[in-house]
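Going down the list, the protein sequences come from chains A and B.
Just so we're aligned, residue 1 is where the first sequence starts under the numbering used here, counting upward by one.
Just so we're aligned, residue 1 is where the second sequence starts under the numbering used here, counting upward by one.
Just so it is clear, CB atoms sit at the ideal spot from N, CA and C, and this is done for glycine as well.
Following: one structure in structure tokens, then a few remarks.
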Amino acid sequence: MKPDLNELDEEIRGHMALSIKERVERGEDPEAARLAALKEFGNVLLTRDSIRRVWRHRLLDQAEALARDLRFALRSLLRAKGLTISVVVTLALGIGANAAIFSVVRSVLLSPLANRDADRLIYIRQTAQGIGTENLTFSMPEIADLKSRVTTIAAFGDFSTVDFTFIGFGRDPRLVKAGVVNGSFFEVMGLRPALGRLLNAADDGPGAAGVAVLTHRFWTTTLQSDPTVIGKTIRLGPSAATVVGVLEPSVPYPEETQIIANVVTSPHHLGATMVTDRRHRMTELFGRLAPGATLEAARAEFQSVHASIMREHPEAYSARAQVQLRVTTLRDQLASPARTILLLLLAAAAVVFVIACSNVANLILARSVRREAELALRAALGAGRGALRRTLLAESLVLCAAGAMLGLILAKPLMTVVARYAARFSVRALEATVDAGVLWLGIGLAVVAAVLLAYVPRLPSSDRPGGLGLSGGSVRMTPGTSRRLRIFATIQIACSFVLLAGAGMLVATLTALQTANTGYDMRQVLAIDVPPSASGVGGAATLNFFQEATRRIGELPGVQGVAAGMIVPWRDPSAGFKSQYAFEGYQPADGEENPTCRFRPVSPGFFAVLGVPILAGRDFTDGDRSGGELVAVVSQSVAQRLFANGDAVNRHLWRTSRGRGDSRRIVGVVADVDDENIVQRPSMAVYQPIQQMGLASRLFVRAAGDPYALGPSVTRVIREISADQAVERPTTLEDVRAQVLTPERLNAFVFSAFGGIALLIAVVGVAGVLAFSVSTRTREFGIRLALGATPSQLLTRVLKEGVVIVTAGITAGALFGYVLARVASTYLGTARLPGALPAFGAAAVLIGAAVIASLIPASRASRVNVLRALRSE
Amino acid sequence: MTKIPNDRRLDLLQGTLDMLILRTLQWGPRHGHGIGQAIRAQSDDLLRVETGSLYPALHRLVRRGWLKAEWGISEANQRAKYYRLTAAGKAQLARERDRWSQLVHAIGLIMNPETSKE
Numbered sequence: 001m002k003p004d005l006n007e008l009d010e011e012i013r014g015h016m017a018l019s020i021k022e023r024v025e026r027g028e029d030p031e032a033a034r035l036a037a038l039k040e041f042g043n044v045l046l047t048r049d050s051i052r053r054v055w056r057h058r059l060l061d062q063a064e065a066l067a068r069d070l071r072f073a074l075r076s077l078l079r080a081k082g083l084t085i086s087v088v089v090t091l092a093l094g095i096g097a098n099a100a101i102f103s104v105v106r107s108v109l110l111s112p113l114a115n116r117d118a119d120r121l122i123y124i125r126q127t128a129q130g131i132g133t134e135n136l137t138f139s140m141p142e143i144a145d146l147k148s149r150v151t152t153i154a155a156f157g158d159f160s161t162v163d164f165t166f167i168g169f170g171r172d173p174r175l176v177k178a179g180v181v182n183g184s185f186f187e188v189m190g191l192r193p194a195l196g197r198l199l200n201a202a203d204d205g206p207g208a209a210g211v212a213v214l215t216h217r218f219w220t221t222t223l224q225s226d227p228t229v230i231g232k233t234i235r236l237g238p239s240a241a242t243v244v245g246v247l248e249p250s251v252p253y254p255e256e257t258q259i260i261a262n263v264v265t266s267p268h269h270l271g272a273t274m275v276t277d278r279r280h281r282m283t284e285l286f287g288r289l290a291p292g293a294t295l296e297a298a299r300a301e302f303q304s305v306h307a308s309i310m311r312e313h314p315e316a317y318s319a320r321a322q323v324q325l326r327v328t329t330l331r332d333q334l335a336s337p338a339r340t341i342l343l344l345l346l347a348a349a350a351v352v353f354v355i356a357c358s359n360v361a362n363l364i365l366a367r368s369v370r371r372e373a374e375l376a377l378r379a380a381l382g383a384g385r386g387a388l389r390r391t392l393l394a395e396s397l398v399l400c401a402a403g404a405m406l407g408l409i410l411a412k413p414l415m416t417v418v419a420r421y422a423a424r425f426s427v428r429a430l431e432a433t434v435d436a437g438v439l440w441l442g443i444g445l446a447v448v449a450a451v452l453l454a455y456v457p458r459l460p461s462s463d464r465p466g467g468l469g470l471s472g473g474s475v476r477m478t479p480g481t482s483r484r485l486r487i488f489a490t491i492q493i494a495c496s497f498v499l500l501a502g503a504g505m506l507v508a509t510l511t512a513l514q515t516a517n518t519g520y521d522m523r524q525v526l527a528i529d530v531p532p533s534a535s536g537v538g539g540a541a542t543l544n545f546f547q548e549a550t551r552r553i554g555e556l557p558g559v560q561g562v563a564a565g566m567i568v569p570w571r572d573p574s575a576g577f578k579s580q581y582a583f584e585g586y587q588p589a590d591g592e593e594n595p596t597c598r599f600r601p602v603s604p605g606f607f608a609v610l611g612v613p614i615l616a617g618r619d620f621t622d623g624d625r626s627g628g629e630l631v632a633v634v635s636q637s638v639a640q641r642l643f644a645n646g647d648a649v650n651r652h653l654w655r656t657s658r659g660r661g662d663s664r665r666i667v668g669v670v671a672d673v674d675d676e677n678i679v680q681r682p683s684m685a686v687y688q689p690i691q692q693m694g695l696a697s698r699l700f701v702r703a704a705g706d707p708y709a710l711g712p713s714v715t716r717v718i719r720e721i722s723a724d725q726a727v728e729r730p731t732t733l734e735d736v737r738a739q740v741l742t743p744e745r746l747n748a749f750v751f752s753a754f755g756g757i758a759l760l761i762a763v764v765g766v767a768g769v770l771a772f773s774v775s776t777r778t779r780e781f782g783i784r785l786a787l788g789a790t791p792s793q794l795l796t797r798v799l800k801e802g803v804v805i806v807t808a809g810i811t812a813g814a815l816f817g818y819v820l821a822r823v824a825s826t827y828l829g830t831a832r833l834p835g836a837l838p839a840f841g842a843a844a845v846l847i848g849a850a851v852i853a854s855l856i857p858a859s860r861a862s863r864v865n866v867l868r869a870l871r872s873e
Numbered sequence: 001m002t003k004i005p006n007d008r009r010l011d012l013l014q015g016t017l018d019m020l021i022l023r024t025l026q027w028g029p030r031h032g033h034g035i036g037q038a039i040r041a042q043s044d045d046l047l048r049v050e051t052g053s054l055y056p057a058l059h060r061l062v063r064r065g066w067l068k069a070e071w072g073i074s075e076a077n078q079r080a081k082y083y084r085l086t087a088a089g090k091a092q093l094a095r096e097r098d099r100w101s102q103l104v105h106a107i108g109l110i111m112n113p114e115t116s117k118e
């Protein structure tokens, strides 16, 4: 359809030939005829060009014009450096923050796993909401039942973690977390080896040789990717294993481990308790959907199978525990803990983007008011509305493109920070990268911003009375523009208020947690992990070791006391250390069960070392040994809830699972301490002497001076007693709590940072609006002064304007925040409204900042020179 | 051909070129040169179409679908493009003709009120 150049030339040649022929026929000289024809035709190239333009798409013309406008915009922006820099930096912050958070969100919530066919890889979990257990895990008999009855699953993989003292590769003994898995685990997970081989069916069962696979992270970081490790023998606690391979990089779930070994390496896994006790739950379960089966079908089948298992073994599933089975894809399981926090972050980033855009809109609006004369001139010279918009669009495109570029440069470091932060919630955050997808997001945001900005300023139009004058020079703000400026400033304040109030709430929560009384003496106590040694597990050897260690550490200078136990408050998982107890002289009411209490093996001196007061009776002594009378100490809650007047001493208690033969005499009552929750709750606890339990794995050292200074000497003493003993993580209780609170602290920090950015942008915005308003009203101020107003009245007047904007913004923000929290709580379930203090605090900060921001333009208004102002127009 | 004094020549009214082209093609296809000559001859040499306007106009009409172009051999024994009215072009010509006579009538009413009132 569209003719090409040759065709056009041929058509013109045809015309020429006819024209010449006509002239020649009239009797002209051929050469003269040719020249005359050429002359008559006119400019051949120009004609050809106008024909081509007929065929060209209109968009192309537009693009050409836009390119012209872009060049013009670039030149004019280079002249307005201050404006350009503030716009570009503001946009870069908005776009960078969004790009960074988006890349983390994508890697956690959206990107595929390394596992083959990850959509068919499912994770099965037992929960017991009734006793507050999110992950009950499975026992081997339960897994055997599921394996034999569920048909929608092609294969199951099970995984449990064990702490081994690891000796090998010529390094110091160290505690490693190892996964113990069955032969089909890696097949089910769909993972490949990076080196050597993984475990398979031949490695299953008690008869196989001990073999282990190293995780990629352990191999690359600790072993510097040494390829010769394959085939080496390592010692894992009491048994030996051969390293057969290195696992490819993959998401460590349910726990980050250093090695993954077969069942035979763990004596515990071969023991009778593990194999036959339905309530001995410590194993995680994965499965791969059978061909043709859907997740829904599997879910339904699991539910019915699980229900029948529970019916067949009522003793293993107490009604109160509300044991339930949950089946999800591994992918969803990995993403779910991070989802709330990431979506909140994304929302915060979006709010920052809105603030950035409205701030930029204000700057652009102010600029366009100054440009009105120029625009009016262009309109007068025949530029249509489209052409004027294009001029504005070109300028905002240049600004936004620059902002996006800088934003994407910023995105990389920002993302690293966010990823490290989000890794607390999902390990997948560390896989985040800035790539093409993020680039598109940045470009998309920039285009959105550019188009919005191009439509912010009002165009000169003839149908509006009192429109824009051609009289250049003076700048006069029309009420409409002024209103828009104020609206944008109000939006900024509103958004900043939401962010600041949110940040304030998080900071308040953190402060409450950090200052909550825990009942422990936290500053002077060093908690040390001393896991069961390589040379002996549990029993008399362990007890002797701990007795010896306690005695010799107690003799070190600067040590005020030493005690042993099993659980470092807040740090160690304590879910398993719970039992149902019956108490002499206490009869549960009808329909109630005997109380479930935490049981805690502790050594004599434990309460004194950790600063827990003994309220009645006595502490354990060295006399409470395995041969002697069985004794216990209970917490205040137990004494008060179960006995009249809290009179518990000399009563007896026993674990309902063991019966009365196991009965213990209560020798003391201690104050409540809560080693599971940072904010203390009443806790029902039964303490038993480690000498009568045969269990201990933690040491608590009370120091006179700096507890950390004792670390090396404590380690030395322990190694003197047992050279192979691992000594890990010496930390004061105060720091343990700080570590546990890291996510809260990070939340507070990140949101405070967002709030700070927002505050900064908003304050600049308010100051800018007022400054602009003042600069356009010089004449008005002059008249006021001439009529007798005092400078301080003008100052107050401008300050008041600032305060009005901020107050309106805060009101809008409070409403918006309230609605937002309501909406969020229906989706997330965890959103809370900030208390009065953070809200008022945020409001106070904003008002204070706004007053300071208004002071500069206000003082300028009060210093207006009357004569010059009146003459200025 | 006799030279025509410049002051006798008329400028084309804006927007009428398309109509004139369509009209000259009413009785059959012509090439561009022929269309230019036809307008000149039929206007008694009063109207002359510049080639710089004629050819873009022809292509515009083709693009709108009112004309169709075909290659043929001209009387100069050379390939030339012949333009032909399409059905849509005929309809357009009818519309333009109506519009034109209305315009002439309306202008006539203003310019010659006495004669028109009859």
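Contacts between A:E11 and chain B, judged by CB atoms closer than 8 angstroms, involve G32, Y55, A80, K81 in chain order. Contact between the segment 594–603 of chain A and the segment 552–564 of chain A is present, with at least three C-beta pairs closer than 8 angstroms. Under the three-state reduction of DSSP output, A:D647 falls in the coil class, being neither helix nor strand. Here DSSP, grouped into helix, strand and coil, assigns A:T433 to coil. Out of A:N115, A:L392, A:V819, A:L381, the CA that lies nearest to the CA of A:R371 is found in A:L392. Under the three-state reduction of DSSP, A:H57 is assigned to coil, being neither helix nor strand. Residue state for A:N262 is assigned as strand, using DSSP reduced to three classes. The beta carbon of A:L45 does not come within 8 angstroms of any beta carbon belonging to chain B, so the residue lies off that interface. Interface annotation, A:F353: not in contact with chain B, CB-CB separation never under 8 angstroms. Distance from the CA of A:L285 to the CA of A:S160, rounded to the nearest whole angstrom, comes to 9 angstroms. Chain-ordered, the chain A residues with CB closer than 7 angstroms to the CB of B:A76 read A17, L18, K21. In this structure, A:I528 sits near A:R698, with a CB-CB distance shorter than 8 angstroms. For A:V670, the uninterrupted beta strand (DSSP E) segment begins and ends at 664–670.
Among the residues facing chain B, A:G14 is included, as its CB has a counterpart in that chain under 8 angstroms away.
Taking a contact to require three or more Cβ pairs closer than 8 angstroms, the segment 91–111 of chain A and the segment 159–175 of chain A do not qualify as touching.
Take the alpha-carbon of A:L270 and the one of A:G207: they are about 10 angstroms apart. Using a CB distance cut-off of 8 angstroms, B:G52 counts as an interface residue toward chain A. When the beta-carbon positions are compared, A:A422 and A:V108 come within less than 8 angstroms of each other. Within the same chain, H31, G32, H33, W71, G72, I73, S74 come within 8 angstroms of B:A80 by CB-CB distance, once the 5 residues on both sides are set aside.
With respect to the 8 angstroms criterion, A:L746 and A:S854 are not classified as neighbours on the basis of their beta carbons. Contact fails between the segment 726–742 of chain A and the segment 331–345 of chain A, because fewer than three Cβ pairs, one in each stretch, are under 8 angstroms apart.
A direct Cα-to-Cα measurement between A:P173 and A:Q725 gives close to 7 angstroms.
Nearest CB-CB separation between A:F781 and chain B: not below the 8 angstroms threshold. Under the DSSP definition of a beta bridge, A:P689 partners with A:V602.
Only residues of its own chain outside the window of five on either side were considered, and among them G32 have a CB closer than 7 angstroms to the CB of B:Y55, listed in chain order. Chain-ordered listing is empty here: chain B has no CB closer than 8 angstroms to the CB of A:S368, the nearest sitting near 36 angstroms. DSSP, read as helix, strand or coil, puts A:L741 in coil. Of the residues assessed, B:L20 falls on the buried side of the cut-off, its CB having 16 or more other CB atoms within 10 angstroms.
In the structure shown, A:K21 adopts helical secondary structure according to DSSP, grouped into three states. For A:K81, the secondary structure class from DSSP, reduced to helix, strand or coil, is helix.
Contact check for A:T90 against A:A350 fails: the beta carbons are separated by 8 angstroms or more.
Residue range 87–111 is occupied by the alpha helix (DSSP H) that includes B:K90.
Within the segment 86–112 of chain B, contact with chain A at the beta-carbon level (separation under 8 angstroms) is assigned to no residue. In the DSSP annotation of this structure, the continuous segment of the alpha helix (DSSP H) that includes A:L406 starts and ends at 385–422. The bridge partners DSSP lists for A:G628 come to none. Taking the Cα positions, A:T732 is about 14 angstroms away from A:V714.
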